[in-house]
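Numbering (the numbering used here), first residue to last: 49 to 181.
Glycine included, every Cβ here is placed at the ideal spot set by N, Cα and C.
Everything below concerns the one structure shown next.
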Amino acid sequence: MEQNRECKPLAELNPIGAILHYKYKEKIFEFYAPKDVMNQIKNDHRLLKLIQKQFSNKKQREARKQVKNRHLVYDAGDNKFRVSYFEQGGKIYVFKVFNRHDNYENYLNSTPLLVTLHVKKKTMKEYKLIKEV
């Protein structure tokens, strides 16, 4: 006979610990990306700033998201950068970033979304960046 038990957490934070943890989480942007995409972000200062300052902000990300050829894309509009991503289970998966509009258009027109999601999700690692305001 199988019993339905609730699992208790292994550890709990006291109220001060909970406040500090919330403050930490508020300043950190967590997302998943393949290593090559993260390297591209780290190696382009302007792209890194875009991710830290604009893309990490949920309101800005929602306001500037577009669906193009079934791909979810963050389009800042005032620059050439584009971020292809998806959200699932409260997590953000960045699978491609672009710093040239023609590369972005070619990718959208030549890459089926399901192939991208299936292949890329397996190769993604979690990364954390400090948000900028």
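> Do three or more CB pairs link the region 121 to 129 to the region 82 to 101 at distances below 8 Å?
Replying inline: yes
>> Here's the rule: buried if 16 or more other CB atoms are within 10 angstroms of the residue's CB, otherwise exposed. What is LEU61?
In response: Numbered from its first residue, the sequence shown carries residue 61 at position 13. LEU61 is exposed by the Cβ-count criterion.
> How about the region 135 to 150 and the region 71 to 91: do they share at least three Cβ pairs that are nearer than 8 Å?
Replying inline: yes
> Distance, Cα to Cα, LEU156 vs ASN117?
Replying inline: Within the sequence shown, residue 156 is the residue found at index 108, counting from 1. Within the sequence shown, residue 117 is the residue found at index 69, counting from 1. For LEU156 and ASN117, the distance between alpha carbons rounds to 6 Å.
> Who pairs with MET172 in a beta bridge, going by DSSP?
Replying inline: Within the sequence shown, numbered from 1, the residue matching residue 172 stands at position 124. BP columns for MET172 point to PRO82.
> Where does the unbroken alpha helix (DSSP H) through GLU153 begin, and where does it stop?
Replying inline: Within the sequence shown, the letter at position 105 stands for residue 153. Element bounds for GLU153: 149 to 158.
> Per DSSP, PHE17 is paired with what?
Replying inline: Shown here, the chain extends from 49 to 181; a query on residue 17 therefore has no answer.
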